[in-house]
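Structure, as structure tokens:
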Amino acid sequence: MTIYDIAVPKPDGEEYLLNEYKGKAMLIVNTATKCGLRDQFEDLEKLYEEYKDQGLVVLGFPSNQFKQEEATGAEAQEVCQMTYGVTFPMHDLIKVNGEDAHPLFSYLTSNTKGFLTSGIKWNFTKFLVDQNGNIISRFSPKDTPRSFEKDIQKVLAK
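Each residue of the sequence shown is one higher than the one before, starting from 1 at the first, in full-length UniProt numbering.
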């Protein structure tokens, strides 16, 4: 199985395969609109705006596993758009840890290691995936999007 075989839910619950992004670099983020790190939405949007024409897509996956998200993916998307000006694709609420973790995050965490364990410790854990579906880097919640901009540029230069 590759990352492109994984189906993900849009805010309305409709699913699509990540193979839609073959040939693009993906920055995959578990988000939460009520999290103290929510200001990262602004930098994520800026990165998306700056690099989308070069092949970067930012994908936001709201999760309420840390009790800091709206009740539905549609509500989370609305807050992201209205409050932070987010235009990158947002998705339905998912779980990022445990037996009920969404297959995407099971895949990402089983193929990377976070601090001490592979599980997601908090909102705004970020994964950079290259144009061929390879996970290049995992960034902690405290790593600001701008702090790894050079990593994104390297991937896009491939």
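Glycine is no exception: its CB is placed at the ideal position from the N, C-alpha and C atoms.
Secondary structure of Asn19 (DSSP, three-state): helix. The closest CA to that of Lys24, considering only Lys154, Arg138 and Gly133, is found on Gly133. At the C-beta level, Phe105 and Ile120 come within 8 Å of one another.
Contact annotation: Tyr51 and Ile135 have beta-carbon atoms that are not nearer than 8 Å. The C-beta distance from Ile28 to Val129 rounds to 6 Å, short enough to fall under 8 Å.
When only Cα atoms are considered, Phe66 and Asp53 end up about 33 Å apart. Scanning the UniProt domain "Thioredoxin" (1–157) from its first residue to its last, the whole beta strand (DSSP E) runs of 3-plus residues come out as 7–9, 15–17, 25–31, 56–62, 126–129 and 135–139.
In this structure Gly60 touches Met90 by the C-beta definition: roughly 4 Å separates them, less than 8 Å. Scanning its chain for C-beta atoms nearer than 7 Å, with the 5 sequence neighbours on each side dropped, one finds around Lys95 the residues Ser63, Gln65, Ala101 and His102, in chain order.
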